[in-house]
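Colleague: If you scroll down you'll find the structure; I have some questions about it.
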Amino acid sequence: MLITANGLKAQDEDPLYTRAGFKIGANYANVTGDIEDTDARLRMHLGAVVEFPVSQRFYVQAEVLYSAQGYKIDEAGVENKISLNYLTLPIIAKYYVTNHISLETGPRLATLANVTESADDTPDEFFDTFEDFDFGWNFGVGYKLESGMFFQAHYVLGASNIINTEIIDISSNNSLLQLSIGYLFKTKNNRRQEPITQ
Numbered sequence: 015m016l017i018t019a020n021g022l023k024a025q026d027e028d029p030l031y032t033r034a035g036f037k038i039g040a041n042y043a044n045v046t047g048d049i050e051d052t053d054a055r056l057r058m059h060l061g062a063v064v065e066f067p068v069s070q071r072f073y074v075q076a077e078v079l080y081s082a083q084g085y086k087i088d089e090a091g092v093e094n095k096i097s098l099n100y101l102t103l104p105i106i107a108k109y110y111v112t113n114h115i116s117l118e119t120g121p122r123l124a125t126l127a128n129v130t131e132s133a134d135d136t137p138d139e140f141f142d143t144f145e146d147f148d149f150g151w152n153f154g155v156g157y158k159l160e161s162g163m164f165f166q167a168h169y170v171l172g173a174s175n176i177i178n179t180e181i182i183d184i185s186s187n188n189s190l191l192q193l194s195i196g197y198l199f200k201t202k203n204n205r206r207q208e209p210i211t212q
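All you need for the working numbering is the position in the sequence shown, starting with 1, plus 14.
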């Protein structure tokens, strides 16, 4: 009886498939540390995602994203908008506490694509003050619909110094809140099969 029950349970579970898609959303970005009196900037992120199943409840989502970040700072009464634009590789472990809601966490690797500021007279040394590599950790929740559309809210805690200490002896980390919407495509093989009617 136990063997039969386990067999029926396995048949009731949905088959596991890898699904690819995309996501886009808003960044609420700032920095913490020795850079004082900064204000957050509202920017954006977008890119491709792939969700790999490990079990019925546990998945891993790998992403390749363009993430526009930065901060605002007042300099002698003039607001200067600093743009730090990254190419990022988040690797997110997702545990589905229900069929739709997931708890999510994982590392985020990023490389600095470019730096700009709103000030007109930017010295060349300014661009060299930021490190090329950034490491952070994601914490968040997700909600996925049966259609493949999903929503995510992540906080990225910056764990590495974004300032080149060989030029300026200060420490600062990225601080990032992300709200995303995305879609995971279904292939022919992972669409639900319609029941056969007599």
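All C-beta atoms, glycine included, are put in the ideal place defined by N, C-alpha and C.
None of the values given here were measured: they were computed from a predicted structure.
Rounding to the nearest angstrom, what Cα-Cα distance links residue 93 and residue 195 in this structure?
Modeller: C-alpha separation (whole angstroms): 31 Å.
Colleague: Let me know the secondary structure DSSP gives residue 148 once reduced to three states.
Modeller: Strand at residue 148.
Colleague: Cutting at 7 Å between CB atoms, please list the residues of its own chain near residue 88, excluding the five before and the five after it.
Modeller: Excluding positions up to five away in sequence, the list reads 51.
Colleague: So which of 95, 70, 37, 61 has the shortest CA-CA distance to residue 54?
Modeller: The candidate whose alpha carbon is nearest that of residue 54 is 95.
Colleague: Which value, in whole angstroms, describes the spacing of the CA atoms of residue 207 and residue 34?
Modeller: Unreliable placement is indicated for residue 207, whose pLDDT of 44 sits below 50; the coordinate value is still reported in the next sentence. Rounded to whole angstroms, residue 207 to residue 34 spans 20 Å at the Cα level.
Colleague: Report the option in 114, 141, 115, 119 whose CA atom is closest to the CA atom of residue 127.
Modeller: Cα-wise, what sits closest to residue 127 is 141.
Colleague: Spatial neighbours of residue 67 within its chain, please: C-beta separation below 6 Å, excluding the five flanking residues on both sides.
Modeller: Only 30, 73 meet the Cβ criterion.
Colleague: Could you check whether residue 84 and residue 106 sit closer than 9 Å to each other, using their CB atoms as the reference points?
Modeller: No, the pair does not count as a contact, with Cβ atoms beyond the cut-off.
Colleague: Where does residue 131 sit, in a helix, a strand or coil, going by DSSP?
Modeller: In this structure, residue 131 counts as strand in the three-state DSSP scheme.
Colleague: With 16 as the cutoff for other CB atoms within 10 Å, does residue 41 come out buried or exposed?
Modeller: The residue in question, residue 41, is buried, as its Cβ has 16 or more Cβ neighbours within 10 Å.
Colleague: Report the rounded CA-to-CA distance for residue 162 versus residue 180, giving the unit in angstroms.
Modeller: Each residue's alpha carbon lies about 47 Å from the other.
Colleague: For residue 180, name the three-state secondary structure that DSSP assigns.
Modeller: It is coil, neither helix nor strand.
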